[in-house]
Structure formats: structure tokens, C-alpha cells
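> Residue numbers (this note's numbering): 65 to 536.
Every residue gets a Cβ at the ideal spot worked out from N, C-alpha and C, and that includes glycine.
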Ligand SMILES: [Cu+2]
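Written as C-alpha cells, this is what we have:
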């Protein structure tokens with residue numbers, strides 16, 4: 065993390081401050097903005113003051129530190145142009161907050177008094193809307209309706225109490241189509257104050273990310289902001305597979321995923337190998353009796369969902385949007401279906417005229433994953449990612465849930481590829497032979513991991529020990 069004095073540091077402050085119309089005293093009163101240069105998943109921010117809580121981990125992101133001022137948590141968001149590396153070799157000119165898109169996650173506790181300074185370094189006005197919060201109407205951030213817009217170069221302050229625990233987002237309510245298409249959004253988590261909330265379980269790992277979409281023409285660097293639905297880049301926290309970090313957990317951990325959707329379409333988020341329950345929505349925690357097991361949950365536009373499960377199956381499990389074109393990089397939409405077309409010989413003839421010509425997909429599109437296509441600079445390959453068994457043929461909204469028995473509690477490091485037990489991988493069968501039986505998995509308790517319905521009392525079905533239990 066990289067701290068920089070927004071107004072040029074103590075030594076240079078005289079000239080920098082003189083250039084603004086705001087008094088030196090007023091500037092000194094602002095908390096120093098904290099900026100993030102890295103796209104790596106930051107370690108959870110253990111709260112240094114205030115009510116304690118189990119912090120979240122933001123996928124390829126970070127949590128914004130705050131200053132405690134007479135019992136009020138003070139944050140400083142800076143709305144500004146940023147360059148987000150969506151994948152190595154693919155950098156996009158975005159607008160974001162504090163150096164990145166999405167902006168930093170804000171974490172507070174139910175009942176906290178929160179003051180958020182928002183400095184506008186964009187070339188146009190903006191506001192911040194605190195999506196889902198209970199707050200005084202004048203703090204809701206709807207430009208022109210509940211407040212004047214924040215002009216370029218100015219700092220506004222929002223203040224309210226975090227009244228309801230849950231999963232929230234923030235985004236501009238000013239020239240929204242442009243500003244959200246440019247990547248302006250962030251996550252907000254309000255942790256429960258009570259140590260035993262009736263509808264909020266303790267978890268061992270709590271991850272969050274925002275679904276994003278961009279329209280970046282191959283070879284260009286800036287999203288098109290007039291696009292309404294036809295986006296070509298689909299991201300988790302403005303990163304695309306294989307550049308999205310994996311979610312690394314210890315076998316037996318109770319895991320919470322918080323996902324928010326600020327794209328212009330719905331995303332059915334699907335997890336392999338486990339059943340989960342939706343334990344919270346935009347409106348707050350879901351009572352246990354109202355939950356049901358799922359392996360896919362649709363997240364509509366503007367919604368947030370909390371998914372919870374016990375990660376009790378070891379392996380590298382895919383976690384992705386189930387719209388298959390959302391797990392691909394940019395491609396033309398007018399590619400003809402070539403499956404079954406025999407164009408042997410034709411390509412060679414065309415190549416004499418067009419040296420880079422390639423035949424696309426006469427056996428499907430899988431060739432695209434391993435082909436070395438000539439691409440314009442700063443272009444994301446359409447399907448990429450290498451796994452231990454070959455090309456993953458994926459891009460966009462895809463990552464891995466890595467479950468390991470030897471992952472240490474509190475350790476978020478990528479453990480590398482899963483080492484499968486001998487004979488426990490799907491494999492070729494030679495004609496006329498009978499392969500040895502694959503090893504059977506150790507008997508694992510039936511029933512869904514987060515099951516809380518039916519007659520069983522919670523204590524008997526909650527197989528995950530609390531976070532403390534792993535430490536002994
Ligand atoms: Cu999707």
C-alpha cells in the first residue's frame with residue numbers, strides 16, 4: 065500500500081494548497097487519502113480500533129483504512145482516472161477510486177458513525193451513492209435530487225450511521241452510464257455488532273467482489289461509454305481470468321462469498337463441487353428457515369448476494385458466471401459457425417493473399433485457446449489460461465476455489481495446482497481393456513453444507529467449527 069499526500073506532502077504543501085480555493089486549515093482537516101498501486105489481493109485489514117470483526121478479503125482488491133476522529137470513522141475516497149491492469153499485458157484507462165477500479169472496500173460495524181470525504185479528481189462532476197444503505201435522504205448521493213454534484217477539484221463530505229449489517233456497494237449517481245462504464249464502483253460491508261446475530265453465522269473466510277463489464281475494442285485502451293448492453297469484457301473486480309486470483313481456503317472452512325452486480329445484465333454465478341445457500345441479499349441477512357441449497361444463483365442488475373458453504377471437498381473447483389460468453393475474452397459477434405465445414409486447402413490459398421489469415425473453429429472453438437493468433441497490442445486473448453492438463457479455454461468471469469487440507473488458517477496464499485490422488489482423474493480408456501477402478505472418496509457426510517432447514521437443529525448440521533477451532 066502506498067500512501068501519498070493528496071496535496072503534495074508537508075514540504076510542498078504551500079504551493080499545492082495555494083493553487084486550490086480551499087483554506088489550509090480545511091485541507092489539514094482531511095484524512096490523508098490512501099492509494100493502492102497493486103492489483104494483488106490484499107491481506108484482510110484487521111481493524112486497529114473500534115468494534116472488532118472478522119474482515120473480508122477483496123478479490124484482487126483491498127480495504128480502505130480509516131481514521132478514528134472523536135468516535136467517528138473517517139474515510140477519504142478520491143474519484144480519479146486510473147489505469148487498471150485487467151490482465152498482464154492488458155491495461156485499460158478507467159475511472160475509479162484511490163488508484164484502482166473498483167475502488168477500495170469500505171468495512172464498518174453496525175452502529176458505526178461514518179464520515180466519508182469524497183474528492184473529485186475527474187474531469188466532470190460526480191457523486192457517490194451508498195447502494196442499499198439506510199441513511200438520511202440528503203446523504204444518498206443522487207446528483208441534482210438529494211445533493212448538488214461534486215464539481216471537479218472539490219471535496220464533499222457524507223456522514224451517516226451504518227444502521228443495518230450486510231453487503232452493500234457504492235457507485236456514482238451522476239452521469240452514471242459513463243462513470244460506471246468507466247469502472248467507478250466499490251464494495252461496502254457492514255459487519256454485525258452482536259457476536260451472535262440470529263441470521264449471520266461466523267465464517268472462516270469472507271470474500272467479496274463486484275461483477276463488471278466493459279466495452280474495449282481490441283487494440284484500444286479506453287472503454288466505450290455509450291455501450292448499453294453489448295459489452296465484450298466480463299470481469300470480477302475489473303480483472304479477467306486467468307488474471308483473477310484464486311480463492312484459497314482450508315478444507316472444512318465455512319466460506320462466505322459476497323458478490324455485487326453493477327453490470328447491465330444478470331450473472332448466474334456457479335460453484336463446482338459444493339452446495340451453497342444464499343445467506344444474504346441486498347435487503348440484509350436471510351433467515352435460516354428461508355434458505356435453500358443451490359449450486360448456481362442468479363445475480364440480477366444492481367443486486368448483491370452472499371453465498372455460504374462449507375468447503376469440504378479438496379481440489380481446484382471452478383467458480384464462474386454460467387453465461388458462457390462471459391467466460392471468454394473479446395470476440396467478434398459475427399463469426400460464422402464453421403463446425404463441420406471442411407475448408408482444407410482453402411486457408412492455404414487465402415494465406416497467399418492475406419498472410420495472417422486463420423480459419424476459425426472448424427472443429428469448435430477450442431483451437432482458439434492454444435493458437436497463437438496475431439492480436440493487436442493491448443488486446444486480451446479470447447480464450448486463455450493454462451492448467452496442469454492444458455489450455456483452460458476460459459477468460460472473463462472465471463476463477464478457482466482452491467480447497468486444501470493443509471492450507472493454514474488465515475493463509476490466503478495460492479497453494480498451486482491440486483495434486484489429485486493416483487487414478488482419480490478422468491482418463492483415456494484403451495479399446496478392449498478394463499481400467500482399474502478409480503479410488504472412492506472418503507465417505508463424506510451427506511446433506512448440503514449449510515443446511516439449516518428441516519427438523520434438524522442447527523447444531524447437528526453445522527459441521528464447520530468456528531474460526532477459533534482451527535487454531536488449536
Ligand atoms: Cu455473466
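(1) Tell me which same chain residues have a C-beta within less than 6 Å of the C-beta of residue 269, skipping the five on either side of it?
(2) Which word fits residue 176, buried or exposed, when buried means at least 16 other C-beta atoms lie within 10 angstroms of its C-beta?
(3) For ligand 1, is there any heavy atom lying closer than 6 Å to the beta carbon of residue 461?
(4) Can you name the start and end residues of the alpha helix (DSSP H) that residue 245 belongs to?
(5) Just to check my reading of the structure: residue 322 and residue 272 have Cβ atoms closer than 8 Å, yes? What is that Cβ distance to the nearest angstrom?
(6) Is the beta carbon of residue 389 within less than 6 Å of some heavy atom of ligand 1?
(7) Could you name the residues of the same chain whose beta carbon sits closer than 6 Å to that of residue 259, not counting the 5 residues immediately before and after it, in chain order?
(8) Where residue 497 and residue 487 are concerned, what is the direct C-alpha to C-alpha distance, given to the nearest angstrom?
(9) Using DSSP with H/G/I as helix, E/B as strand and the rest coil, what is residue 315?
(10) Any heavy atom of ligand 1 closer than 6 Å to the CB of residue 331?
(11) Mapping DSSP to helix, strand and coil, what is residue 254?
(12) At what residues does the beta strand (DSSP E) containing residue 269 begin and finish?
(13) Looking at the strands, I want to know which residues DSSP matches up with residue 348.
(14) What are the partner residues of residue 110, as DSSP defines its beta bridges?
(15) List the endpoints of the continuous beta strand (DSSP E) containing residue 237.
(16) Residue 151: which of 141, 471 and 285 sits nearest, CA to CA?
(17) Hey, does residue 496 have any beta-carbon neighbour from chain C nearer than 7 Å?
(18) Which residues in the same chain as residue 136 place their Cβ atom closer than 6 Å to its Cβ, once the five residues preceding and following it in sequence are excluded?
(19) Report the CB separation of residue 263 from residue 349 in whole angstroms; it is logged as a contact under 8 Å.
(20) Is the distance from the Cβ of residue 293 to the Cβ of residue 333 below 7 Å?
(21) Roughly how many angstroms separate the alpha carbons of residue 267 and residue 441, rounded to a whole number?
(22) With C-beta atoms as the reference, is residue 302 less than 7 Å away from residue 464?
(23) Excluding the 5 residues preceding and the 5 following residue 195 in the sequence, name in chain order all residues of the same chain whose CB lies nearer than 7 Å to its CB.
(24) Helix, strand or coil, according to DSSP, for residue 132 in the structure here?
(25) Can at least three beta-carbon pairs, one atom from the segment 209 to 217 and one from the segment 247 to 258, be found at a separation below 8 Å?
(26) Measure the alpha-carbon distance for residue 276 versus residue 300 and round it to whole angstroms.
(27) Excluding sequence positions up to five away, which residues of its chain have a Cβ less than 6 Å from the Cβ of residue 103?
(28) How would you label residue 607, buried or exposed, when you count the other beta carbons within 10 angstroms and need 16 or more for buried?
(29) Just confirm the distance between the C-beta atoms of residue 132 and residue 113, as a whole number of angstroms; I'd bet it's less than 8 Å.
(30) Near residue 500, what residues of its chain come up, given a Cβ to Cβ distance below 8 Å and the 5 sequence neighbours on each side ignored?
(31) Say yes only if the C-beta of residue 272 is nearer than 6 Å to one or more non-hydrogen atoms of ligand 1, and no if none qualify.
(32) Given this structure, state the Cα-to-Cα distance separating residue 170 from residue 307, to the nearest angstrom.
With the structure as the only source:
(1) Counted from its first residue, the chain shown places residue 269 at position 205. For residue 269, where only same-chain residues beyond five positions count, the Cβ hits under 6 Å are 313, 317 and 319.
(2) Position 112 of the chain shown holds residue 176. Buried, because 16 or more other Cβ atoms sit within 10 Å of the Cβ of residue 176.
(3) Start at 1 with the first residue of the chain shown, and residue 461 comes out as number 397. Remark: the shortest separation between the CB of residue 461 and any heavy atom of ligand 1 falls under 6 Å.
(4) In the chain shown, residue 245 corresponds to position 181, counting from 1. Element bounds for residue 245: 240 to 245.
(5) To locate residue 322, count along the chain shown from 1; it is residue 258. To locate residue 272, count along the chain shown from 1; it is residue 208. About 4 Å; that satisfies the 8 Å criterion.
(6) Position 325 of the chain shown, counting from 1, holds the residue named residue 389. No.
(7) Here residue 259 refers to the residue found at position 195 when the chain shown is read from its first residue. So the list is empty, once near-sequence residues are dropped.
(8) Translated into the one-based positions of the chain shown, residue 497 becomes position 433. Translated into the one-based positions of the chain shown, residue 487 becomes position 423. So the alpha carbons of these two residues sit roughly 16 Å apart.
(9) One-based indexing of the chain shown puts residue 315 at position 251. Residue 315: coil per DSSP, three-state reduction.
(10) Within the chain shown, residue 331 is the residue found at index 267, counting from 1. Flag set: Cβ of residue 331 near ligand 1.
(11) What you label residue 254 is simply residue 190 of the chain shown in a count that begins at 1. In this structure, residue 254 counts as strand in the three-state DSSP scheme.
(12) As a first step, residue 269 must be located in the chain shown, where it is residue number 205. Counting along the chain, the beta strand (DSSP E) containing residue 269 begins and ends at 269 to 278.
(13) Taking the first residue of the chain shown as 1, we reach residue 348 at position 284. Paired residue(s): 345.
(14) Position 46 of the chain shown, counted from the first residue, corresponds to residue 110. Paired residues: none, contrary to the question.
(15) Start at 1 with the first residue of the chain shown, and residue 237 comes out as number 173. First-last for residue 237: undefined, no H or E at that position.
(16) Residue numbering aside, residue 151 sits at position 87 when the chain shown is read from its first letter. It is 285 whose Cα lies nearest to the Cα of residue 151.
(17) Reference to chain C is not applicable here, since this structure consists of a single protein chain.
(18) For the purposes of this step, residue 136 is taken as the residue at position 72 of the chain shown. Closer than 6 Å at the Cβ level, and outside the excluded window around residue 136, lie 177 and 179.
(19) For the purposes of this step, residue 263 is taken as residue 199 along the chain shown, with counting starting at 1. For the purposes of this step, residue 349 is taken as residue 285 along the chain shown, with counting starting at 1. With a Cβ gap of about 4 Å, residue 263 and residue 349 count as contacting.
(20) Within the chain shown, residue 293 is the residue found at index 229, counting from 1. Within the chain shown, residue 333 is the residue found at index 269, counting from 1. The answer is no: Cβ separation not under 7 Å.
(21) Taking the first residue of the chain shown as 1, we reach residue 267 at position 203. Taking the first residue of the chain shown as 1, we reach residue 441 at position 377. Answer to the nearest angstrom: the Cα atoms are 43 Å apart.
(22) One-based indexing of the chain shown puts residue 302 at position 238. One-based indexing of the chain shown puts residue 464 at position 400. No, these two residues do not count as a Cβ contact at 7 Å.
(23) Against the chain shown, residue 195 aligns to sequence position 131. Same-chain partners within the cutoff: 232, 233, 234 and 235.
(24) If you number the chain shown from 1, residue 132 lands on position 68. Three-state DSSP puts residue 132 in a strand.
(25) no
(26) One-based indexing of the chain shown puts residue 276 at position 212. One-based indexing of the chain shown puts residue 300 at position 236. Each residue's alpha carbon lies about 6 Å from the other.
(27) The residue labelled residue 103 in the question sits at position 39 within the chain shown. 124 and 149, listed in sequence order.
(28) The requested residue 607 is not part of the displayed model; the chain covers only 65 to 536.
(29) Working through the chain shown from its first residue, we reach residue 132 at position 68. Working through the chain shown from its first residue, we reach residue 113 at position 49. With a Cβ gap of about 5 Å, residue 132 and residue 113 count as contacting.
(30) Here residue 500 corresponds to residue number 436 of the chain shown, with the count starting at 1. Hits under 8 Å: 487.
(31) As a first step, residue 272 is located in the chain shown; it is residue number 208 there, counting from the start. False, no ligand heavy atom lies under 6 Å from that Cβ.
(32) Here residue 170 refers to the residue found at position 106 of the chain shown. Here residue 307 refers to the residue found at position 243 of the chain shown. Their Cα atoms are separated by approximately 23 Å.
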